[in-house]
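*Asks:* Just so you know, our numbering puts 339 at position 339 of the sequence shown, and the rest follows in order with no gaps. For every residue, glycine included, the Cβ atom is placed at its ideal position computed from N, Cα and C.
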Amino acid sequence: MNLIQRLFQKINQDFYLFNIIIPLTFIIFTLILMPIDQVFEFDTDEGIELAKANLYNQENINNISQFWSDHPPFFSIVIFKYLDLFGYSIINARILTLLFATLLIWCFSQILRLSLGRITAIVSIILLIISINFLRLSVSVMQGIPSLSLGMLSVYFLILYTRNLRLYLIILSGITLALSLQIKMIMLFLIPVILLYLFTSYDQLSPKKPVKVNLFNILTLPIVIWLLSLSIVFMTIGLMTQSLDLEKILFFHFSPNLKDTFSNENSFKNVIYIYLQNFDYLLLSLLGVKYQNIKTDNTYKIPLFWLIILTFVFLNHKPLWYHYMILISLPLVWLAAYGIKVILEKIRQINHPINILKLKQAQFSKFAIFTVIFTLFVIPIKLGIIQWENHNFVQKSPARFINLERILTYKNQSQWLFTDMGMYGFYSQINIPPEITVISRKRLNSGSIDSEFLFKVLEKYKPEQILINRFPSIFDLIKPYIEKNYQEIYVDKSTKHYLKKNIQKLS
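Structure, rendered in structure tokens:
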């Protein structure tokens with residue numbers, strides 16, 4: 001009875017710890033640390049996503065193909081439905097992303113708990129949370145964290161399947177990755193990662209008795225079931241949202257012409273820079289490989305394949321944005337967890353209070369001691385950088401909010417707002433023409449936006465207000481049209497705000 005009671009108590013402890021305490025702690029910690037109600041925008045991509053959702057809200061989109069977008073519209077629809085239910089505010093929108101980030105933390109902690117134990121999982125989760133840009137991305141209304149969280153949920157279902165071979169788990173894994181891809185196609189790299197994992201785990205997943213090779217047996221293979229689940233759900237959502245144009249949502253990002261426009265970008269240097277920013281996790285992962293025979297745990301193959309494949313992808317991809325870094329940080333932290341487990345096991349061998357100078361008694365190498373000291377040293381530095389970045393975001397916001405106030409002055413007379421910053425459209429709830437809702441460096445550099453295109457947009461919608469605040473080149477392209485049809489409201493080095501001549505200018 002004592003054994004059963006202890007087992008039941010342990011199960012309860014793990015359940016509350018990993019399903020309630022850790023997710024809630026993460027949410028509270030993030031809300032305390034991140035000024036989600038004070039920052040105008042954490043990234044200009046926030047404005048793009050929210051401006052698209054705003055168009056759905058105002059029912060100005062009859063056909064999704066009206067949007068120019070290099071990503072599927074699924075996430076914009078999710079934002080629209082969520083805000084329609086909970087209210088249109090920037091806080092609610094950022095909480096939606098935070099919920100996706102909490103799902104990511106939950107999945108990651110469950111995976112590490114199953115493979116490496118409770119304490120290792122907790123320490124690793126802390127390292128992930130304080131990794132570069134993680135908290136910023138956790139509250140930014142962007143596609144990265146939502147797509148990554150669903151990708152991790154797919155991996156979690158897959159790992160559960162390899163442990164108990166329940167068919168519904170492999171189906172759920174395919175479904176959730178399909179949802180992830182419908183948010184952001186960059187998660188395609190997980191397909192070869194998972195296929196390699198399934199191939200290398202074939203002995204573990206295949207029946208012990210030999211079976212005849214026929215169509216039915218082929219269709220019941222885990223790999224085939226997973227691919228069918230993924231394909232059917234991806235195609236179904238794609239047809240429902242009219243988002244199967246692979247030319248825009250996939251091939252545009254890898255086109256040679258686009259790479260040529262970013263000729264100054266050096267992918268090799270950028271990849272090295274990403275690894276250097278995660279140097280502590282890299283050291284920990286090397287420590288795990290050195291001290292532990294990770295071949296006994298098949299789960300390690302997933303972050304290892306992930307890291308190898310994605311590194312080769314990034315070496316051949318331009319440009320590499322800062323928000324791609326989390327795709328390297330996460331598998332590095334996962335592999336670092338093996339090093340953390342080694343450290344914790346060595347520390348348990350010490351009978352007296354922990355003392356870095358006495359770690360040699362636990363047979364730590366100089367490399368291991370350096371890794372521990374370096375990891376502890378950079379933690380306060382990372383927390384300091386988070387606070388410094390938040391301060392900068394808050395400092396830059398008042399000027400943007402003042403621009404917003406000027407826009408709101410003429411809101412009752414404005415149906416359309418022509419701007420290169422979608423966040424103005426969301427805050428003001430004035431629609432931005434669908435053709436220019438997505439204005440990015442990629443699109444500008446690709447040459448798809450020129451004066452002829454912009455003139456057509458201006459003639460079609462005849463926007464009551466024009467505000468250029470990000471790309472001065474756009475103002476240069478439309479300057480003749482503005483001088484002919486608009487009056488100046490406010491102009492400085494970074495902001496150019498104009499109003500149609502037939503609207504009375506207010507003091």
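Out of Y161, L307, A178, Y168, which one is the CA nearest neighbour of P146?
*Replies:* The residue with the shortest Cα to Cα distance from P146 is A178.
*Asks:* What does DSSP give as the partner residues of H497 in its beta bridges?
*Replies:* According to DSSP, which records beta bridges pairwise, H497 is partnered with L467, Y490.
*Asks:* Note the first and the last residue of the continuous beta strand (DSSP E) segment covering T200.
*Replies:* First-last for T200: 190–200, but that is the alpha helix (DSSP H), not the beta strand (DSSP E).
*Asks:* Using the C-alpha atoms, what's the distance from L335 back to L304?
*Replies:* One C-alpha to the other measures close to 7 Å.
*Asks:* Are L287 and F367 close, meaning C-beta to C-beta below 9 Å?
*Replies:* Against a cut-off of 9 Å, the Cβ pair of F367 and L287 comes out as a contact.
*Asks:* Could you tell me which residues DSSP puts in a beta bridge with T419?
*Replies:* DSSP, once it has assigned bridges, lists L467 as partnering T419.
*Asks:* For the alpha helix (DSSP H) holding W334, just list the boundary residues, first then last.
*Replies:* Note, W334: alpha helix (DSSP H), 326–348.
*Asks:* Is the shortest distance between the beta-carbon of Q504 and the beta-carbons of chain C less than 9 Å?
*Replies:* Structure shown: chain C not included; a single protein chain is present.
*Asks:* Closest to N133 by CA distance: which of I326, A399, N431 is it?
*Replies:* Nearest option by C-alpha distance: I326.
*Asks:* Exposed or buried, what is D45 when buried is set at 16 or more other beta-carbons lying within 10 Å of its beta-carbon?
*Replies:* With 16 or more other Cβ atoms within 10 Å, it is buried.
*Asks:* Taking three-plus beta-carbon pairs below 8 Å as touching, is the segment 412–423 in contact with the segment 432–439?
*Replies:* Yes: the two stretches touch, three or more of their Cβ pairs being nearer than 8 Å.
*Asks:* Per DSSP, what kind of secondary structure is N264 in: helix, strand or coil?
*Replies:* Coil.
*Asks:* If you follow the alpha helix (DSSP H) that Q387 is in, where does it begin and where does it stop?
*Replies:* Here the alpha helix (DSSP H) through Q387 covers 366–409.
*Asks:* Sort I159, G174, Y273, S76 by Cα distance to K184 and report the nearest one.
*Replies:* Per the Cα distances, S76.
*Asks:* Determine whether the beta carbon atoms of F374 and D280 lie at a separation below 9 Å.
*Replies:* Yes, these two residues count as a Cβ contact at 9 Å.
*Asks:* For P331, which option in L85, L127, E483 has the closest C-alpha, if you only look at C-alpha atoms?
*Replies:* Here the closest residue by C-alpha is L127.
*Asks:* Throw me the rounded Cβ distance for the V141 and T97 pair, which I believe falls under 8 Å.
*Replies:* Contact flag correct, Cβ pair sits at about 6 Å.
*Asks:* Can you give me the C-alpha to C-alpha distance between I489 and F401, rounded to a whole angstrom?
*Replies:* Spanning the two alpha carbons is a distance of roughly 15 Å.
*Asks:* Under the rule that 16 or more other beta-carbon atoms within 10 Å means buried, what is F8, buried or exposed?
*Replies:* The pLDDT assigned to F8 is 49, lower than 50, so where the model puts this residue is not dependable; a value taken from the coordinates is nonetheless given after this. So F8 ends up on the exposed side.
*Asks:* What is the DSSP secondary structure of N431, counted as helix, strand or coil?
*Replies:* DSSP places N431 in strand when its eight states are reduced to three.
*Asks:* Report back the beta-carbon spacing between L50 and A101 to the nearest angstrom; my notes put them in contact at under 8 Å.
*Replies:* Wrong, their Cβ atoms sit about 17 Å apart, outside the cutoff.
*Asks:* What does the Cβ neighbour count give for D37, buried or exposed, with the cut at 16 atoms within 10 Å?
*Replies:* So D37 counts as exposed.
*Asks:* Please state whether DSSP places Q277 in a helix, a strand or coil.
*Replies:* It is helical.
*Asks:* Taking the alpha carbon of Y197 as the point to measure from, which residue in V342, L172, T162 has its own alpha carbon closest?
*Replies:* The candidate whose alpha carbon is nearest that of Y197 is T162.
*Asks:* Here's the rule I'm using: 16 or more other beta-carbon atoms within 10 Å means buried, otherwise exposed. How should H71 be labelled?
*Replies:* So H71 ends up on the buried side.
*Asks:* Would you call S154 buried or exposed, if buried means 16 or more other Cβ atoms sit within 10 Å of its Cβ?
*Replies:* By the neighbour-count rule (16 or more Cβ atoms within 10 Å), S154 is buried.
*Asks:* Pick from Q182, L454, Y273: whose alpha carbon is nearest that of V233?
*Replies:* The shortest C-alpha separation from V233 is found at Q182.
*Asks:* Please report how far the alpha carbon of S69 lies from the alpha carbon of I386, in whole angstroms.
*Replies:* Whole-angstrom Cα-Cα distance: 31 Å.
*Asks:* Considering only their Cβ atoms, is the gap separating P23 from P129 smaller than 9 Å?
*Replies:* Position check: residue 129 holds Ile in this sequence, whereas Pro was assumed. Result no, Cβ atoms of I129 and P23 do not sit closer than 9 Å.
*Asks:* Does the segment 469–480 come into contact with the segment 426–433, if we say contact requires no fewer than three beta-carbon pairs (one atom in each stretch) closer than 8 Å?
*Replies:* The segment 469–480, when compared against the segment 426–433, does not touch it at the 8 Å Cβ threshold.
*Asks:* Roughly how far, in whole angstroms, is the beta-carbon of I468 from the beta-carbon of K496, given that I think they are within contact range, below 8 Å?
*Replies:* Right, the Cβ-Cβ distance comes to about 5 Å (below 8 Å), so this counts as a contact.
*Asks:* Who are the near neighbours of M1 in its chain, counting only those whose CB is closer than 7 Å to its CB and skipping five residues on each side?
*Replies:* Note that M1 scores 44 on pLDDT, short of 50, meaning its location in the model is unreliable and no value can be drawn from it.
*Asks:* Is the distance from the Cβ of S414 to the Cβ of Q465 below 9 Å?
*Replies:* Going by C-beta atoms, S414 is nearer than 9 Å to Q465.
*Asks:* Could you give the residue range of the alpha helix (DSSP H) that holds Q182?
*Replies:* Looking at the DSSP string, the run of the alpha helix (DSSP H) that includes Q182 is 167–183.
*Asks:* Determine the contact status of I125 and L112, defining contact as a CB-CB distance below 9 Å.
*Replies:* Going by C-beta atoms, I125 is nearer than 9 Å to L112.
*Asks:* Pop quiz: T176 and F157 are said to be a contact at Cβ under 8 Å. What is the actual Cβ separation, rounded to whole angstroms?
*Replies:* Right, the Cβ-Cβ distance comes to about 7 Å (below 8 Å), so this counts as a contact.
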